[in-house]
Every structure is written in structure tokens, then in C-alpha cells.
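**Q** In this note's numbering, the protein residues as written are 1235 to 1323.
(1) With a threshold of 8 Å on Cβ separation, who are the neighbours of residue 1295 within its own chain once the five nearest residues in sequence on each side are excluded?
(2) Please classify residue 1279: does DSSP put it in a helix, a strand, or coil?
(3) So residue 1302 and residue 1313 are in contact, right, with Cβ under 8 Å, and what is the actual spacing, rounded?
(4) Are the CB atoms of residue 1317 and residue 1304 nearer to each other than 8 Å?
(5) By the three-class DSSP mapping on this structure, what secondary structure does residue 1238 have?
(6) Taking the alpha-carbon positions, what's the residue 1251 to residue 1268 distance?
(7) Can you list, in chain order, the residues of its chain with a C-beta nearer than 8 Å to that of residue 1315? Leave out the 5 residues immediately preceding and following it.
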């Protein structure tokens, strides 16, 4: 056998083996048809009343003047309670 005919025969045999595997192989190797995706409804935003902003009242009447208010921690700067004679409380 010549070199070219040997390579040609090997290629034919390899192609036959591949085709046999593809034809007789399990279904996992073949493409399966995809099911049509069912469309999902788009969520609709419902208009709601605007929330009332939370009102906070800070009262330092019971705290000692010149000190940090009770329950507070000064992280930056110098914070202290300063008496204000014009304050309503």
C-alpha cells in the first residue's frame, strides 16, 4: 500500500466510526427541540400615596449644659448642649 492510500483508508474508517457513534448514540448527543417560552406578564406599578416624612423632635432640656447629650457620642468635632434662653421649652 502506498502512503496516500493508507491515509485515505484510515480517514474512511475514522469517518465510519464517527458516523456510527452519531447515529446509534444516545439521544443526549442530539439537539432537542426547545419548547416555546410562555410570555410572562409585565408587572405594573401601582400608584400609592406619598409617605409622610417622619418628624423627629430633639429636646435637650434634661441634659446638663456644656456636656454631650445623654445617649449621644461625639465622633467628630466638639458637641455640647448650649443653653438658649429664647428656646420655647
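Where is the CB? At the ideal position from N, CA and C, for every residue including glycine.
**A** Looking at the coordinates:
(1) Within the chain shown, residue 1295 is the residue found at index 61, counting from 1. Counting only Cβ-Cβ distances below 8 Å, and skipping sequence neighbours, we find 1323.
(2) Numbered from 1 along the chain shown, position 45 holds the residue referred to as residue 1279. Correct three-state label for residue 1279: coil.
(3) Counting from 1 along the chain shown, the entry for residue 1302 is found at position 68. Counting from 1 along the chain shown, the entry for residue 1313 is found at position 79. Sure, about 6 Å apart at Cβ, within 8 Å.
(4) Residue numbering aside, residue 1317 sits at position 83 when the chain shown is read from its first letter. Residue numbering aside, residue 1304 sits at position 70 when the chain shown is read from its first letter. For residue 1317 and residue 1304, no; Cβs fall outside 8 Å.
(5) For the purposes of this step, residue 1238 is identified with residue 4 of the chain shown, where counting begins at 1. Three-state DSSP puts residue 1238 in a helix.
(6) Sequence index remark: in the chain shown, residue 1251 carries index 17 (1-based). Sequence index remark: in the chain shown, residue 1268 carries index 34 (1-based). Cα to Cα, residue 1251 sits roughly 29 Å from residue 1268.
(7) As a first step, residue 1315 is located in the chain shown; it is residue number 81 there, counting from the start. So the qualifying residues of the chain are 1294, 1297, 1298, 1299, 1300, 1301, 1302 and 1303.
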